[in-house]
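Read through the structure below, which is laid out as structure tokens, and then see the notes.
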Amino acid sequence: MNNKDKNTGATGAAKVVTSTLGNTVGGLTNTVGGVVGAASRGLGETVTGATGGFGKPLGDGLSNVGTGIEGGAASVAKGVKDAGEWKTNTK
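Residue numbers for the sequence shown follow the working numbering, so the first one is 3 and each next one is one higher.
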């Protein structure tokens with residue numbers, strides 16, 4: 003049996019399905035992470051702007067949480083996309 007082409011038959015079909023699913027889920031995860039990150043930063047800036055120096059620590063904290071969520075979502079999205087493309091050891 004010739005194993006040179008690993009993208010044929012059932013394996014090829016599975017790769018197409020998982021790649022499509024991985025890219026879709028990864029894209030949605032990026033979108034949600036971006037929206038949550040932007041909303042949190044906006045809320046943080048609003049708190050800081052409305053309260054001045056008194057509320058700055060809270061505003062900065064909200065902004066930082068949003069940025070962290072956005073970064074985490076981007077990392078998850080990359081992992082999902084890589085898994086969908088059957089990539090291994092992508093570090």
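From the three backbone atoms N, C-alpha and C, an ideal C-beta is built for every residue, glycine too.
Burial state of residue i (16 or more Cβ within 10 Å)
i, result
"V49", "buried"
"G44", "exposed"
"A75", "buried"
"G61", "buried"
Proximal residues to residue i (C-beta, below 6 Å), its chain only, five neighbours per side dropped
i, result
"S42", "L64, V67, G68"
"G28", "A79, V82, K83"
C-alpha distance - residue i paired with residue j, whole-angstrom precision
i, j, result
"K83", "G46", "31 Å"
"T53", "G14", "58 Å"
"G39", "A16", "33 Å"
"A85", "F56", "46 Å"
"M3", "G36", "The pLDDT assigned to M3 is 47, lower than 50, so where the model puts this residue is not dependable, and the model offers no usable value."
"T70", "T20", "Note that residue 70 corresponds to Gly in the displayed sequence, not to Thr. Roughly 28 Å separates the two Cα atoms."
"T22", "T90", "17 Å"
"E72", "G11", "38 Å"
Cβ shell of residue i (< 7 Å), same chain only, five flanking positions each side left out
i, result
"V78", "T31"
"N25", "K83, G86"
Neighbourhood of residue i by C-beta distance below 8 Å, restricted to the same chain and skipping five residues each side
i, result
"V34", "A75"
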